[in-house]
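Report on one structure; see the data block that follows.
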Amino acid sequence: RRRRGAASRSQSAPKRKQDKKEKAKEKPAPAPRRTPTPSPARSESQKNLSDYEGELSRSPSRPAKRRAPSRSPERVPPTQFEDYEPAGDGSGWYVYKKTGKWKFHPETGLYFHLKTQVYYTPKESDNRFFRRIDDDDDPLVKKMKQSEEMRKAISKTEFVKFEVEGAQAEDGPRVEEPAPVPKAPEKEERMEGRVNKWDSEKGFGFIMPAGKEEGGEVGKGLFVHRKFIVGSTPTNPINLKEGVKVSFKQGTQDSKPCALEVLMLGADGKPLPIHAGAQTLEEKKKSYHVSAESLGLRVHCESWPGLKKTLQDRYVLDEPLEELGVYFAVLDGHGGTQVADMVKEKLHKNVLQQMRQKQVQPASRDEKIKLAIKEAFLQTDKEILALAERKKFELVGSTCVSVILHGNPKLGTALRLVVSNLGDSRAVLCRAGQAVPASDDHRPTRIDEKKRIERVGGLVLQVRGAWRVATSTNPNSMNKAARREYQGLAMTRSFGDLHFKRPIGLAIAEPEVRIVPLSDKDLFIVLATDGVYDVLSNQEVIDLAARHWREPEEAAKNIVRSAYKRGSEDNLTVLVVQFGGTS
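The letter at position 76 of the sequence shown is residue 550 when you use the working numbering, and the numbering goes up by one with no holes.
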């Protein structure tokens, strides 16, 4: 058996080898090894992704795995300001025009990504890189929210209603719109109520208007101070009595509502005898008011378009400001007339309002006047910028030089000039025949103004032969309107000019205010736009006006004619105020 088994195994071995060879012949040839094809050219961002790693070393049957790209894109906001447009809600935000995914807040420099709801701000060390803000308590976020609240309050302000056109291109003629007719001021009505609370020692209390319940719409009532009670003086103070019926006017003190001109009423509804002379209160107040006629002033303003197609200058002639004095102003508009029209309508009203609020402050009369004028200029500019953002006249602006003749000789108060200027319109005083500048032009060539512009990141350079304020933006990447912006602003301070105030304040609206006492040597003052002073010196202007003493109309016309003959290419506006020997 062993031999038979061994013999069978020896005979079957060659047969098995032959079977294996035949089976090997029947198997299909293995697929050729594939060589990897080169990947197509990739962008710079794709190169940052992981490439095929170890592709050649892996098995051909298992393709190489590619790492998935990150789903969080780089948060690098677009920083070209001309690529943004104002948001329609008046919040102060600007929206990225191309995608709408980014918002920019010029006042704080914040960028906001709408999809992720995350704020970004440029790093202080290098503004090419950005810092992510995740905390709502961040100072920049708080400042932004305060700005939004302020804008909401401004948006509720009732503006003068007139049609406004956007700034037109330089190569097209501008159509001159007639100035809007100002509305007559509404008569202030007296209200009635009862004294809710009164503190005789502190001298103030609260009045509840008729028809209002305590704790309702007006809370404790309207605040009233003893000095607002008719007939009350420091030497003879008058105290109110709780529950007594009173008559009053509603006003404001430090921007808060209060009661003014308070009268206690008797059973017959008439003022109590303690308010002696209350019936003639308005007449007494008017006796302190001054006007051009009461001061013996001779005034005239001459305004020509010159070689320009339109007249964008405006002026205010003999506007009484009650006991504050008489107001005059010359405004030089540029890019349109919208801003100059608003300044003409609003500025003197804001000056009077601010002065009333400053009456209660413990400061000298001069300090109150200067502060009231500065705040009135800034308040007027805020109202203009808010409207410019909505009505799309961001490239429209105006200068302003104003004079208030303050004082009342009948009351023994010497006359003084309160001169305020913004831009390159100028006031020049004639003192004994000599020209005395009463204001300084705000031009880019002034060293202090140039330093201020450069400190906030602006440029001062020559454009078309004139020194101008310009942004640091590359002009090649601008649209037509933005290139007009790059051509610069010929002044460093102005009303309006939204493009030069946001996102950084290259131009500002803070005026320089001077108070100049008048003497017998002071004969007249001339307010004029730069179209006059560009071709005539201060002394030439004074000499031309002096030839027509007691004839302000001829004096103003003589200056305008002379500037036109000298080749002035701008609008020409001259306002002459002759004092007539005041003291």
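All C-beta atoms, glycine included, are put in the ideal place defined by N, C-alpha and C.
If we ignore side chains and look at the alpha-carbon of each, how far apart do residue i and residue j end up?
| i | j | result |
| --- | --- | --- |
| Asp1004 | Asp898 | 6 Å |
| Gln1052 | Val934 | 38 Å |
| Lys577 | Asp815 | 32 Å |
| Trp941 | Ala964 | 7 Å |
| Arg890 | Ala912 | 12 Å |
| Glu1014 | Asp914 | 17 Å |
| Gln724 | Asn1012 | 47 Å |
| Tyr1038 | Ser777 | 12 Å |
| Val987 | Pro731 | 29 Å |
| Pro1026 | Leu997 | 12 Å |
| Val892 | Gln812 | 26 Å |
| Leu614 | Gly939 | 40 Å |
| Leu584 | Gln936 | 32 Å |
| Val698 | Ile847 | 26 Å |
| Gly931 | Asp563 | 29 Å |
| Ser674 | Ile607 | 53 Å |
| Arg1024 | Pro985 | 31 Å |
| Asp742 | Tyr789 | 49 Å |
| Lys671 | Lys842 | 31 Å |
| Val1050 | Arg917 | 24 Å |
| Gly970 | Ile921 | 23 Å |
| Arg1040 | Leu980 | 33 Å |
| Lys575 | Glu623 | 23 Å |
Return the residue from the list the options that minimises the CA-CA distance to residue i.
| i | options | result |
| --- | --- | --- |
| Asp557 | Leu826, Asp855 and Lys572 | Lys572 |
| Leu769 | Thr919, Leu992 and Thr1047 | Leu992 |
| Met665 | Gly677, Val1048 and Leu739 | Leu739 |
| Lys744 | Cys732, Phe722 and Pro552 | Phe722 |
| Ala850 | Leu821, Ile703 and Glu986 | Leu821 |
| Ala684 | Thr945, Leu696 and Glu675 | Leu696 |
| Ala1029 | Val1048, Gln831 and Arg1040 | Val1048 |
| Leu845 | Pro708, Ile989 and His763 | Ile989 |
| Gln828 | Ile999, Glu796, Tyr594 and Asp728 | Asp728 |
| Pro977 | Ile607, Met618 and Leu588 | Met618 |
| Lys616 | Glu581, Arg929 and Phe969 | Glu581 |
| His763 | Arg788, Pro883 and His774 | Pro883 |
| Ser621 | Gly566, Val592 and Trp672 | Gly566 |
| Glu819 | Gly667, Arg830, Ile858 and Phe586 | Ile858 |
| His774 | Asp787, Glu767, Lys783 and Leu791 | Leu791 |
| Ile748 | Thr726, Val704, Tyr789 and Lys783 | Val704 |
| Ala1002 | Gly970, Asn895, Trp672 and Glu623 | Asn895 |
| Glu663 | Ser838, Lys975 and Val736 | Val736 |
| Arg839 | Glu797, Glu928, Pro708 and Gln591 | Glu797 |
Residues in the same chain with beta-carbon distance under 7 Å from residue i, minus the five sequence neighbours each way, listed in chain order, please.
| i | result |
| --- | --- |
| Arg1021 | Asn1032 |
| Val669 | Gly679, Ile681, Leu714, Lys715, Glu716, Gly717, Val718 and Val720 |
| Lys597 | Phe603, Phe604 and Arg605 |
| Ile982 | Arg967 |
| Ser1036 | Leu1010 and Leu1018 |
Sorted by chain position, which residues of the same chain lie with C-beta nearer than 8 Å to residue i's C-beta, five sequence neighbours on each side aside?
| i | result |
| --- | --- |
| Ser1042 | Gly780, Leu781, Gly1005, Val1006, Asp1008 and Val1009 |
| Ile1016 | Val902, Cys904, Gly907, Gln908, Ala909 and Val1000 |
| Asp609 | Val615 |
| Val1059 | No information on residue 1059 is available, as it lies outside the stretch 475 to 1057 that the chain covers here. |
| Tyr594 | Arg549, Pro551, Leu584, Tyr585, Phe586, His587, Phe604, Arg605, Arg606 and Ile607 |
| Gln831 | Thr726, Gln727, Asp728, Ser729 and Ala846 |
| Lys589 | Lys575 |
For residue i, I'd like the list of residues in its chain whose CB is within less than 6 Å of its CB, leaving aside the five on either flank, ordered along the chain.
| i | result |
| --- | --- |
| Arg700 | Gly677, Ser706 and Pro711 |
| Pro431 | Since the first residue of the chain shown is 475 and the last is 1057, residue 431 is not available in this structure. |
| Leu785 | Pro779 and Asn1045 |
| Gly881 | Thr887, Ala888, Leu889 and Arg890 |
| Thr919 | Trp941 |
| Lys995 | Arg905 and Ala906 |
| Gly640 | The predicted position of Gly640 is uncertain, since its pLDDT is 42 and thus under 50; a value taken from the coordinates is nonetheless stated next. Cβ within range, chain order: Lys866 and Phe867. |
| Gly962 | Val937, Arg942, Val943 and Ala944 |
| Asn824 | Ala850, Gln853 and Thr854 |
For a cutoff of 8 Å on Cβ pairs, would you count residue i as touching chain D?
| i | result |
| --- | --- |
| Thr1003 | Going by chain labels, chain D is absent from the structure shown, which holds only one protein chain. |
Using 7 Å as the cut-off, classify the Cβ of residue i as near or not near the heavy atoms of the ligand PLP, replying yes or no.
| i | result |
| --- | --- |
| Ala766 | No copy of the ligand PLP appears in this structure; indeed no ligand is present at all. |
Cβ contact (3+ pairs, closer than 8 Å) linking the segment 845–864 and the segment 804–811: no
Cβ contact (3+ pairs, closer than 8 Å) linking the segment 860–868 and the segment 879–895: no
Stretch-stretch touch, CB-based, cutoff 8 Å, three pairs: the segment 867–885 with the segment 894–908: yes
Ranges of the beta strand (DSSP E) found wholly within the segment 545–580, counting only runs of at least 3: 558–560, 568–570 and 576–579
Alpha helix (DSSP H) runs contained entirely in the segment 693–763, provided each spans 4 or more residues: 755–761
Whole beta strand (DSSP E) elements within the segment 952–1028, 3-residue minimum: Qualifying beta strand (DSSP E) stretches, in chain order: 986–991 and 996–1002.
Ranges of the alpha helix (DSSP H) found wholly within the segment 776–848, counting only runs of at least 4: 812–832
Entirely enclosed beta strand (DSSP E) segments - the segment 852–939, minimum 3 residues: 874–880, 890–896, 900–905, 908–911 and 933–937
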